[in-house]
Amino acid sequence: MPRLQPGEDGRHHTYCRLCEAQCGLIAEVQSGVIARIGPDRDHPVSRGHLCVKAPGMLQITYDEDRLLQPMKRTGAPGDFEPVSWDSALDDIAARVKRITGRHGGASLAGYIGNPAAFSTFHYAYGFGFIGMFGSDKFYNAMQVDTGARVLASDQVFGDSGRYPFPDLPGTDFLMIFGSNPIISHMSLITTPKARELLDGIAGRGSVIVVDPRRTETASRYEHQPIKPGGDVFLLLGLLKSLIEAELTDEAFLSAKVNGWKELRQRVVAFSWSDICAASGIQEERIREVAARFTSASAAACYGRAGTNRGRFSTLANILMDALNLATGNFARAGGSVIGRNPFEPEQGARRAASYGSKRSRVGNLPLVADTQPGGGLAEEILTSGEGQIRALFLDSGNPVLSYPRGDLLEEALETLELFVSLDLYMNESNRYADYILPAPSFYERADVNDQWAANAPEPWVQYVAPVIEPLGDCRHEYEIYDGMLQRLEMPDLTSVITGQRSDFDNRRSYLEIAEMGLRSGTYGDKFGAKPEGLNLDKLLNEHPSGYAVRERVDASRSWDQITFEDRKPRLWTEMIESELDRLEKEPLDDRRLKLFGRRLLHTMNSWMHNSDKVIRNARPTLLMHSVDAEARQIADGQKVRLHNRHGEIEVQVEVSDTVVPGSVNYPHGFGHRNGGWRQANQMEGENINLLASSDPKDWEPVSGNCHLDGVPVEVRPV
């Protein structure tokens, strides 16, 4: 049966690009319009799973508030009128040339938001565009999301792009720190049926969820309450228990791991009294969990956002790796593993870590994965001198809501000489832009699940064509960047992504680069030399629902993904030592309430709130334990003022014993007021990040991660 063309009536195979799960979808097109989104029951891994967000994305695709033509600002923030592509790109290119001529390439900056992580090579060509001018001003959501995990991977495995994950189908004891997979679908792990896999682990053994809140996941399995920010101390306690009980595999550690002896010596020096006080967990309980972890036939420890946004997040992630290694659970079936990117060579990559080679202009912090500390974007714009940001390209992001002190960032954005945004909407950030250039939704683009295939316990590769052509006058981001480069008489982005200079008259697309990577990579056809291998045409026509490259991740090949010359993980570096020194000096508790965040099932950060299908059940409230509410004479449903030295917001309280005493909890991504999305503007909720610090001295010094969980606050009735 011939393959359907974009916009042709019938059932189109596609997949969701909203989170790592990447569930297979069937889009039904009628009269050239997508009429329905359903699950793909033939998908090799999702097998008919579907959540509310993919159908919600259909509503966003056809949203009346969506931008479908280039817009030029004509007056105050938010005042725009339509212009042609030629007019917009000609002016932008001319202004880039003037700005870089006066101030140098370092005056250009780029911000790429979370949606780009699920679009083929989007980060590579978005940041590559800025890099072609000699700038290193790259910003994204990393330092408010994954920065600590990225740096931990750099230190332990030698590559910031290697994310260890539990081999869920074979695990029989799983510890989850700061993650709520029933809601998030297992972030940083590509597995569409998380609950089914977790149920299997619980049936074979145990799933322990460590969290200050009895989350939806914790309610389903075994909950271990903990104080916000206490994860690093619990992990120290687990390792200390194993060492004192002589339950670590010393022969394995001596042969396969560097630095265990030094880390071991520092771990045992921490006192049980400090560990228990800071975590809120008794010594007996910690010893019990440690014994259960090491006695399991296959165990793994996994953490996510809650272990990436505190004061010692990098150290917490390193200690999780240490726990998996010390118990012999790394690179074994059912343990902690590292998968293989289909675009990388079969023998595994060897990349030198670059941590510490570059530092930020403001705050003098080391760059992680060549990315600037995100909380400093406003100051980098406002602080005069060499390297001051004069022009910003904002791609699929809303840093006014996702970075600390969005009010300060608003002031900074208005001072830019050039501000260009690529997006679906006018949002709270790009209302200050000179131009907003309309981009497609994922139903209007072709993609292959490149990097996330490496994080799948059951790895698969899928390539899909657009379901429909881009609506209105939208253009793919790659085309937009390349259109500007053409006007500046610069090579196309192929030269950045592949390292090969391209012919000015034969500019290649991101899909041509993807084809090269797939065919030469782990599962590729080697350009015909391996006929059973994959290429994009074979995926599209022979495996439209995706192709399972293996039944299970090859755990033993995890060693190949370690990029140090000796292929040994490192548990002792100068950075690890400095963080343990800092932890020993940290005051344990200042007795103020600690604010931490949560994700709601029907929302996706800040950018899907204009779909009533998605947000109709979203209710942002401040969860507060009854003990804390009574002490402050606060009643359920009451308005309160949540404040600290950085800012204040007014929110509604929900008295709930699902959170530990001494903490309060509020979802992120809210606070819409002035964007061009009418329904989002009417939503309740406030921007929690107004209470986070934008001062580099308040961030984690080794990663530049913003402190968004465990933030000290005061709560008073309004």
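According to the numbering used here, the stretch in the sequence shown is residues -7 to 710, in order.
Ideal Cβ placement from N, Cα and C applies to all residues, glycine included.
None of the values given here were measured: they were computed from a predicted structure.
Expected contact under 8 Å - CB spacing of VAL632 and ARG708 to nearest Å: That belief holds up - the Cβ atoms of VAL632 and ARG708 are roughly 6 Å apart, short of 8 Å.
Could you compute how far the alpha carbon of SER439 sits from the alpha carbon of ARG9? Per the sequence shown, residue 439 should be read as Asp rather than Ser. In a straight line, the C-alpha of ASP439 is about 9 Å away from that of ARG9.
Compare the C-alpha of ARG479 against each of TYR455, SER79, ASP34 and name the closest. SER79
Proximity winner among ALA292, LEU234, GLY298, PHE225, relative to ILE267 (alpha-carbon distances): PHE225
Among the residues of its own chain, which have a CB less than 7 Å from the CB of PHE335, if the five just before and after it don't count? For PHE335, the CB contacts under 7 Å within the same chain, skipping 5 residues up- and downstream, are ASP442, GLY509, LEU510, GLY513 in chain order.
The beta strand (DSSP E) that contains ILE554, what's its start and end? First-last for ILE554: undefined, no H or E at that position.
Skipping 5 residues on each side, what residues in its chain have a beta carbon closer than 7 Å to that of ARG206? HIS215, THR650
Under the DSSP definition of a beta bridge, which residues are partnered with THR595? Looking at the DSSP assignment, THR595 forms no beta bridge with any residue, so it has no partner.
Taking a contact to mean a Cβ-Cβ separation below 7 Å, would you say GLY667 touches LEU60 in this structure? Result no, Cβ atoms of GLY667 and LEU60 do not sit closer than 7 Å.
Based on DSSP bridge pairs, tell me the residues matched to MET63. PRO74, ILE428
Quick check on GLY366: buried or exposed, where buried means 16 or more other Cβ atoms within 10 Å of its Cβ? buried
On a CA-only basis, which of ALA547, GLN671, SER570 is nearest SER598? Give me that one, please. GLN671
Should THR6 be labelled buried (16 or more other beta-carbon atoms within 10 Å of its own) or exposed? buried
TRP264 to LEU228, Cα distance in whole Å? 10 Å
Inter-stretch contact (C-beta, 8 Å, three-pair minimum) for the stretch 658 to 665 and the stretch 582 to 592: yes
Consult DSSP for PRO173 and reduce its assignment to one of helix, strand or coil. Reduced to three states, the DSSP call for PRO173 is helix.
Segment contact, 8 Å Cβ cut-off, at least three pairs: the stretch 21 to 31 with the stretch 454 to 464: yes
Tell me the rounded alpha-carbon separation between ARG562 and TRP252. 8 Å
Is it a yes or a no for the stretch 94 to 101 touching the stretch 417 to 428, going by three-plus beta-carbon pairs under 8 Å? no
Enumerate, from N- to C-terminal direction, the unbroken alpha helix (DSSP H) stretches of 4 or more residues contained entirely within the stretch 480 to 540. Counting only runs of 4 or more, we get 486 to 490, 502 to 512, 528 to 534.
Taking all protein chains shown into account, decide if GLU578 is buried (16 or more other Cβ within 10 angstroms of its Cβ) or exposed. exposed
Check whether the Cβ atoms of VAL645 and GLN630 lie closer than 7 Å to each other. With contacts defined by Cβ atoms closer than 7 Å, VAL645 and GLN630 form a contacting pair.
Measure how close the beta-carbons of HIS177 and CYS293 come, nearest whole angstrom, since I'm counting them as under 8 Å. HIS177 to CYS293, Cβ: 19 Å. No contact.
By DSSP, does MET124 sit in helix, in strand, or in coil? coil
Does the distance from the C-beta atom of GLY67 to that of GLY389 stay below 7 Å? no
Beta-carbon proximity list for GLU571, same chain, < 7 Å, skipping 5 on both sides: PHE304, THR306, LEU307, VAL694
Do ALA291 and ALA547 have their CB atoms nearer than 7 Å? no
Report the partner residues of HIS4 according to the DSSP bridge assignment. DSSP output for HIS4 lists ALA19 as bridge partner(s).
Could you check whether VAL75 and LYS64 sit closer than 7 Å to each other, using their CB atoms as the reference points? yes
Mind checking GLN135: buried by the 16 CB within 10 Å criterion, or exposed? buried
If distances are taken between C-alpha atoms only, which option among SER648, GLY355, MET49 comes closest to VAL619? SER648
Between the C-alpha atoms of SER349 and GLY118, what's the straight-line distance to the nearest angstrom? CA-CA distance, SER349 to GLY118, rounds to 22 Å.
From LEU386 to GLU436, what distance separates their C-alpha atoms? 20 Å
Between which two residues does the beta strand (DSSP E) containing LYS711 stretch? For residue 711 there is no data in the structure shown, the boundaries of the chain being -7 and 710.
Between which residues of its own chain and GLY702 is the CB-CB distance below 7 Å, once the five residues before and five after are set aside? PRO220, GLY221, GLY302, ARG303, LYS586, PHE588
Host beta strand (DSSP E) of VAL37 (start-end): No beta strand (DSSP E) contains VAL37, which DSSP labels as neither H nor E.
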